[in-house]
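Chains as they are written, first to last, in the working numbering: chain Z, 190 to 304; chain F, 630 to 740.
Have a look at this one:
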């Protein structure tokens, strides 16, 4: 079974702190994604990566950065956390198969509270 | 740009059928998906449909696709309390397997 793990289920941080959210997948997937989930807004894509050291901005990249130094690990970084970044963060991975359905597999999520 | 819309809440009685609706805007979408999120968990793929299909059935789940109206629906037959969850509709958009998600429909099943 595909497994996507996230380093923390719950995090509480203070405004201005630097925050690292880690995601690891064990299926050798090329693509990895970071979303945030907010009530009534669904999932919004922050960043994604299609290969090691490669990254692309999603729909809401402001205030975030990412790092992909190894294929299995994709980190989301909040350089200076703000209260409006309080949210549920979901990581996903997938393998690109041209012309076919590509399932995204999700981690359990990290619920971040910024005080 | 791409957009996916769904109603936010649905309440059904146990044993009845549930129908969750979704509309999307990108007519070039190749795949459309339904994901389920149980409380405190990540998203789990329920089913998907390729854009050249009208219907797909998988046990209690039936997906209907109306490409002309860009309308997707998920029907759950004999809804059980274990079906209570948030259901997300998503369309594949662009390269790198980017998905555009709706806001999610919270399904509540009551006795």
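For glycine and all other residues, C-beta sits at the position ideal for the given N, C-alpha and C.
Any idea what DSSP makes of residue i, helix, strand or coil?
i, result
"residue 681 (chain F)", "coil"
"residue 240 (chain Z)", "strand"
"residue 712 (chain F)", "helix"
"residue 293 (chain Z)", "coil"
"residue 275 (chain Z)", "coil"
"residue 231 (chain Z)", "strand"
"residue 281 (chain Z)", "strand"
"residue 299 (chain Z)", "strand"
"residue 687 (chain F)", "strand"
"residue 705 (chain F)", "strand"
"residue 257 (chain Z)", "strand"
"residue 788 (chain F)", "This structure cannot speak to residue 788 (chain F), because chain F is shown only from 630 to 740."
"residue 304 (chain Z)", "coil"
"residue 264 (chain Z)", "strand"
Taking the continuous beta strand (DSSP E) assigned at residue i, which residues delimit it?
i, result
"residue 220 (chain Z)", "220-227"
"residue 649 (chain F)", "647-653"
"residue 194 (chain Z)", "193-195"
"residue 695 (chain F)", "690-695"
"residue 659 (chain F)", "Per DSSP, residue 659 (chain F) belongs to no beta strand (DSSP E) and is neither H nor E."
Could you say which of the options lies nearest to residue i if we only look at CA atoms?
i, options, result
"residue 270 (chain Z)", "Z:278, Z:196, Z:192, Z:206", "Z:206"
"residue 660 (chain F)", "F:740, F:708, F:701, F:707", "F:701"
"residue 663 (chain F)", "F:657, F:673, F:655", "F:673"
"residue 219 (chain Z)", "Z:231, Z:282, Z:193, Z:275", "Z:282"
Residue i versus chain F: which residues are under 9 angstroms apart at the beta carbon?
i, result
"residue 214 (chain Z)", "Within chain F, no residue comes near residue 214 (chain Z); the closest Cβ sits about 12 angstroms away, beyond 9 angstroms."
"residue 297 (chain Z)", "669, 670, 671"
Starting from residue i, find everything on chain Z with Cβ-Cβ shorter than 8 angstroms and list it in chain order.
i, result
"residue 732 (chain F)", "229, 230, 231"
"residue 717 (chain F)", "231, 232"
Contact defined as beta carbons within less than 8 angstroms: I believe residue i pairs with residue j. What is the distance between those atoms, to the nearest angstrom?
i, j, result
"residue 210 (chain Z)", "residue 279 (chain Z)", "Not really, about 10 angstroms apart at Cβ, beyond 8 angstroms."
"residue 705 (chain F)", "residue 690 (chain F)", "6 angstroms"
"residue 303 (chain Z)", "residue 192 (chain Z)", "That pair is no contact at about 28 angstroms."
"residue 646 (chain F)", "residue 734 (chain F)", "Actually they do not touch by this definition, with Cβ atoms about 15 angstroms apart."
Can you list the residues of chain F that residue i reaches, using a CB-CB cut of under 7 angstroms?
i, result
"residue 194 (chain Z)", "Those within 7 angstroms of residue 194 (chain Z) in chain F number zero; the least Cβ separation is about 10 angstroms."
What in chain Z is Cβ-close to residue i, meaning under 9 angstroms?
i, result
"residue 674 (chain F)", "292, 293, 294, 295"
Name the chain F residues that come within less than 8 angstroms of residue i, Cβ to Cβ?
i, result
"residue 263 (chain Z)", "Here the premise fails: no neighbours, minimum Cβ distance about 13 angstroms."
"residue 279 (chain Z)", "671, 672"
For a contact meaning CB atoms closer than 7 angstroms, what does residue i contact in chain Z?
i, result
"residue 637 (chain F)", "229"
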